[in-house]
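In the UniProt record's numbering, the protein residues as written are 1 to 239. We treat Cβ as the ideally placed atom computed from N, Cα and C, and that holds for glycine. Accompanying notes for the structure given below.
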Ligand code: UDP
């Protein structure tokens with residue numbers, strides 16, 4: 001454990017990061033890559049909680065814009081995050097990592113209900129815990145879920161896995177070539193500069209809980225391990 005900087009983590013995987021080049025659905029190659037990356041830090045003894053997004057399948061906001069009732073559309077988004085969680089569980093089991101899925105919306109035939117104490121016990125026993133269903137409440141996001149679960153399980157850090165982007169930039173680097181990457185920020189910077197890191201609710205909760213967040217590119221092999229070992233890749237955001 002000597003080279004490990006963080007003992008217990010929350011890994012936030014957006015739906016987009018599971019979708020592969022098509023940008024939608026679940027790509028088995030991406031799941032397999034991610035599972036191997038998670039295994040590499042599991043092997044170091046790191047306790048890992050994963051919060052899955054659902055944007056690769058459904059976003060409540062999109063449904064609301066199409067005329068759906070917002071809460072109904074958000075519940076559909078929460079269900080999407082559970083499908084992603086089950087896909088990741090399958091990927092992790094294929095590489096021999098013991099895993100439990102816990103959902104904020106009860107679905108006993110497919111996963112355990114979210115029980116904080118039980119989640120912590122799983123972590124202590126070396127099981128990766130995947131938190132599905134977001135917070136269980138409409139109008140929230142899985143970024144807020146990551147901030148919330150991190151506080152509940154007393155995580156040392158939140159790792160925000162990005163799809164092809166290696167940190168937080170002053171503007172979208174795909175559109176603006178003059179965009180510069182930040183090495184360090186505070187959550188207050190994120191809010192005041194309106195940086196597209198996480199929504200305001202998630203930022204303000206992270207500010208209160210003071211748990212650092214690291215934004216990094218999960219597509220590059222070995223990056224999760226580098227972050228865990230304290231290498232300065234990506235952008236660190238402090239509370
Ligand atoms: N969602 C929700 N409450 C939560 C978490 C998620 O209502 O606590 C819904 C919301 O509709 C959201 C969707 O689930 O659009 C997918 O989550 P999110 O957008 O956070 O996924 P990501 O952008 O990380 O893929």
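Asked                                                                                                                                                 : Found
Go through the region 140-189 residue by residue and report every complete run of the alpha helix (DSSP H) that reaches 4 residues or more, in order. : 142-152
Hey, would you say the C-beta of residue 216 is under 7 Å away from at least one heavy atom of ligand 1?                                              : no
Taking 7 Å as the cut-off, does the CB of residue 113 come closer than this to any heavy atom belonging to ligand 1?                                  : no
Just to confirm, does residue 107 get its C-beta within under 7 Å of one of the non-hydrogen atoms of ligand 1?                                       : no
Tell me where the beta strand (DSSP E) around residue 9 begins and ends.                                                                              : 8-13
Whole angstroms is fine: what's the gap from residue 34's alpha carbon to residue 115's?                                                              : 25 Å
Between residue 214 and residue 157, is the Cβ-Cβ spacing less than 8 Å?                                                                              : yes
Compute the Euclidean distance between the alpha carbons of residue 46 and residue 163, then round it to the nearest angstrom.                        : 22 Å
Helix or strand or just coil, what does DSSP make of residue 88?                                                                                      : helix
Alpha carbon to alpha carbon, what distance is there between residue 56 and residue 67?                                                               : 20 Å
Is residue 82 closer than 8 Å to residue 103 when the C-beta atoms are compared?                                                                      : yes
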